[in-house]
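Notes follow the structure.
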Amino acid sequence: MPKLSQISTLILALSAAVPAWAQSVTITTAGGDYGTGMKEAMWAPAGKALGLDVRGETQSDGMAALRMQVSSGNVTTDIIHLGSGEGAQAADLGLLEPLDDTVVDQKALPSGAVSKFCYPFSSYGTVIAWNTKTYGQNGPKDWAEFWDVKKFPGRRALRNNAQDLLEAALLSQGVPPEKVYTTLSEPGGIKRAIDRLAELKPHVAVWWTSGAQSAQILKDGEADLVETWNGRAQSVKDDGGAAAYTFHSSIIGTDCLAVPKGAPHKADAMKLIAAMTSPEREAKLTDYIAYGPMNQAAYAGGKVPADKMALLATAPDNAVGVVYADAAWWAKHADEAQAAFDAMMNQ
Amino acid sequence: MTAMTATVNAAGLRRDAATERRFFLSLALPSLVIVGIGAILPLFWILQQSLATARGDITLVNYTALLTNGLTWRSLLVTLELSGGTLLCCLVLGIPLAFLLASTSPRTASRLMVLVLLPLWTSILVRTYGWLVILRRDGLINDLLVGSGLVSEPVPLVYNFTGTLIGMVHYMLPIFVLPTYAAMRDIDGNVIRAAASMGASLWHCFRTVILPLAFGGIASGSVIVFVYTLGFFITPAILGGGRISPIAIRIDRTLSTLQDWGGAAAFGVFLLLIVAVLGVTALGAARLIRSKPAAD
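Chains as they are written, first to last, in the numbering used here: chain B, 173 to 519; chain D, 16 to 311.
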């Protein structure tokens with residue numbers, strides 16, 4: 173009598189096995205403009221240069237897909253696109269192959285971003301955006317002003333997630349960017365940030381759950397001050413929305429590429445990750461989406477045009493007073509932080 | 016002799032009946048297999064997940080964590096408030112609507128029915144976003160209210176409980192009206208005429224004749240509405256603005272934000288049990304109430 177898990181594994185395997193042997197490397201991305209950009213700028217030309225037959229797949233929740241594939245023992249994707257927080261979590265759960273440092277160049281990255289399991293290739297800022305009908309061009313300069321309901325009376329919209337908000341809460345109290353994670357790690361550090369969020373809660377009109385929703389809220393004027401991602405804020409501006417945003421004191425998150433544990437074409441996957449994250453290819457990605465390269469060489473020599481450079485959270489002129497989100501801290505404290513956040517939300 | 020023929024015939028008939036049953040069973044086999052693989056098997060997988068730690072040991076820790084977490088009971092309360100509120104609105108809006116449909120000519124009724132069914136054929140996402148356009152701060156309703164000077168500030172109609180309830184009622188109303196309308200249409204018009212000729216007012220007639228006769232339809236509509244809405248996700252996710260956390264939202268949270276599959280599976284089993292218990296209770300109560308007038 174086979175075990176139940178074996179039967180379901182068999183069914184999953186049968187449904188997925190047919191396309192598995194038809195191509196040499198499969199890459200799974202989040203799709204949308206971002207996914208298209210990754211294909212056109214990064215993996216398609218890199219695959220061609222390496223002589224690999226690369227096939228793209230789309231999964232909106234890459235982490236769930238990864239867990240599903242690895243836990244069922246039927247891994248069909250060779251490269252998976254994750255948020256760096258997810259990447260650290262996945263590494264802790266043993267879902268990823270360690271990166272081969274002889275193939276993938278860790279020295280190209282800023283020292284804080286080096287990862288053994290998930291290679292960061294692009295970055296975005298969690299920024300303060302505002303409705304220009306309410307405040308003109310003079311919106312809040314930093315999180316302290318975002319919290320200041322006397323100077324900036326109005327409706328706020330925040331992401332319904334502790335991530336980035338704990339950092340913003342501490343920055344609003346004047347904690348210097350480099351002390352944010354040490355403060356959060358102190359006893360009562362998380363509670364301090366949560367209490368600060370609770371202070372602002374009565375002024376929060378919407379707690380958004382998707383990036384598209386945050387853009388909608390900003391565009392419709394549903395809220396006057398919106399915590400959102402720089403790419404989203406920029407797209408609202410481009411669409412003629414009455415919106416402005418600042419990179420100052422943004423919280424920088426990164427996205428990364430990883431190889432699932434037991435991936436069928438591990439060696440080729442490492443080669444493709446290295447080739448698709450070359451300075452030129454990462455710079456090219458900015459033609460499609462305003463997410464900044466992590467390979468620092470991409471910023472040199474005018475590979476990114478000046479007008480694009482102004483839109484990137486990690487461009488040298490923009491990355492002032494910013495916090496780099498610490499994926500390792502989040503992997504360790506996510507449960508505690510999210511539980512405290514949910515308790516605050518339900519009070 | 017006759018008795019013997021009868022016995023032989025009876026045996027033959029029984030054989031035929033058995034063959035027929037087997038034939039019908041074989042017709043149902045594909046759907047049984049699909050339901051088995053697509054619904055029952057994953058259910059066992061979820062049950063297994065709910066009893067396992069991340070490392071795969073068998074444990075009850077997911078359930079104790081679930082039942083001792085205040086947020087679980089809070090979300091259950093929100094779920095019951097939403098389902099109860101939706102049911103109440105469906106009763107208040109749906110019974111008069113079904114009565115109207117049942118009392119017009121069949122031609123008009125079938126035309127009106129299209130209007131009732133139209134939302135049922137539209138994707139829930141489209142409908143929910145449609146409500147967002149109508150209810151938001153600079154939406155149709157607030158434009159009218161502010162423009163006409165009735166209110167000075169836009170009324171918060173969405174990203175809260177009110178907005179979620181509106182979206183859920185809109186989704187469930189046709190599903191409530193269908194069985195209610197069917198039951199009311201089947202009422203013999205002569206019974207209503209008899210009551211009226213004996214001097215019953217419209218309200219009295221509605222209360223003592225139509226409602227009891229339509230009770231079966233109303234009860235099944237109510238059970239469907241209540242049980243169906245216990246697992247609602249999209250509407251509170253879009254129209255609740257992060258403030259409304261019914262069980263389905265908590266399950267999603269446990270799964271994608273906390274990455275706690277065992278906890279989410281236990282939550283799923285918890286919801287399934289609640290649906291089963293409430294469903295059986297509601298059906299039992301409906302049967303009890305219905306059998307009462309007959310016993311009188």
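The beta carbon of each residue, even a glycine, is placed where N, CA and C say it ideally should be. Every value quoted in this text rests on a predicted model; they were computed, and no experiment measured them.
Secondary structure of Val192 of chain D (DSSP, three-state): helix. Judged by DSSP secondary structure, Asn303 of chain B falls within the beta strand (DSSP E) whose first and last residues are 290 to 303. Within a 10 Å sphere around the beta-carbon of Ile304 of chain D sit fewer than 16 other beta-carbons, which makes this residue exposed. Residues of the region 220 to 234 of chain B that bring their beta carbon within less than 9 angstroms of a beta carbon in chain D comprise Asp233, in sequence order. Annotation: the region 299 to 381 of chain B contains the following complete segments of the beta strand (DSSP E) (minimum length 3 residues), in chain order: 328 to 331, 376 to 380.
Unbroken alpha helix (DSSP H) stretches of 4 residues or longer found wholly inside the region 105 to 168 of chain D: 121 to 132, 139 to 150, 155 to 162, given in chain order. Taking 7 angstroms as the CB threshold, Asn518 of chain B lines the interface with chain D.
DSSP places Tyr417 of chain B inside the beta strand (DSSP E), whose first and last residues are 415 to 430.
Taking 7 angstroms as the threshold, the shortest C-beta distance from Glu394 of chain B to chain D falls below it.
Counting every other CB atom within 10 Å of its CB across the protein chains shown gives Arg453 of chain B a total of 16 or more, marking it as buried.
Contacts with chain D (Cβ-Cβ distance below 7 angstroms) from the region 374 to 400 of chain B involve Ala377, Val378, Trp379, Trp380, Thr381, Asp392, Gly393, Glu394, listed in chain order. Assignment of beta-bridge partners to Pro465 of chain B by DSSP yields B:Ser294. Our two residues, Leu147 of chain D and Val173 of chain D, have alpha carbons roughly 7 angstroms apart in a direct line. For Thr272 of chain D, the neighbours in chain B by C-beta distance under 7 angstroms run, in chain order, Asn333, Gln510. In the structure shown, Ile55 of chain D falls within a helical segment according to DSSP collapsed to helix, strand and coil. Proximity to Ala237 of chain B across B:Lys220, B:Thr201, B:Lys211, B:Leu224 peaks at B:Thr201, based on C-alpha coordinates.
Listed along the chain, the chain B residues whose CB falls inside 8 angstroms of the CB of Arg142 of chain D amount to none; the nearest CB is some 17 angstroms away. Within the same chain, and ignoring the five residues on either side of Leu343 of chain B in sequence, the residues whose Cβ sits closer than 6 angstroms to its Cβ are Trp315, Ser421. Checking the DSSP bridge columns, you'll see Val247 of chain B has no partner listed. In this structure Trp218 of chain D is exposed. Its beta-carbon is surrounded by fewer than 16 other beta-carbon atoms within 10 angstroms. Taking 9 angstroms as the upper bound on Cβ-Cβ separation, chain B lies near residues Ile52, Leu56, Pro57, Phe59, Trp60 of the region 33 to 60 of chain D. Between Ala455 of chain B and Val476 of chain B, the CB-CB gap stays under 7 angstroms. For the region 173 to 187 of chain D, residues whose beta-carbon sits nearer than 8 angstroms to a beta-carbon of chain B comprise Tyr174.
By the Cβ test, the region 261 to 269 of chain B is not in contact with the region 294 to 314 of chain B, since fewer than three Cβ pairs between them sit closer than 8 angstroms. Comparing alpha-carbon positions, the option among B:Ala415, B:Asp411, B:Ser407 lying closest to Glu394 of chain B turns out to be B:Ala415.
The residue among D:Ser212, D:Asn24, D:Thr244 with its C-alpha nearest the C-alpha of Met183 of chain D is D:Thr244. Its Cα nearest to that of Ile300 of chain B, the residue B:Gly311 stands out among B:Pro292, B:Gly311, B:Cys290, B:Asn518. Residue-level contact by beta carbon fails for Leu95 of chain D and chain B, as no gap is shorter than 7 angstroms. Near chain D, meaning a CB-to-CB distance below 9 angstroms, the residues of the region 496 to 509 of chain B are Ala506, Asp507. Shown here for Ala221 of chain B: same chain residues with a beta carbon closer than 8 angstroms to its own, the five before and five after excluded, namely Ala447 in chain order.
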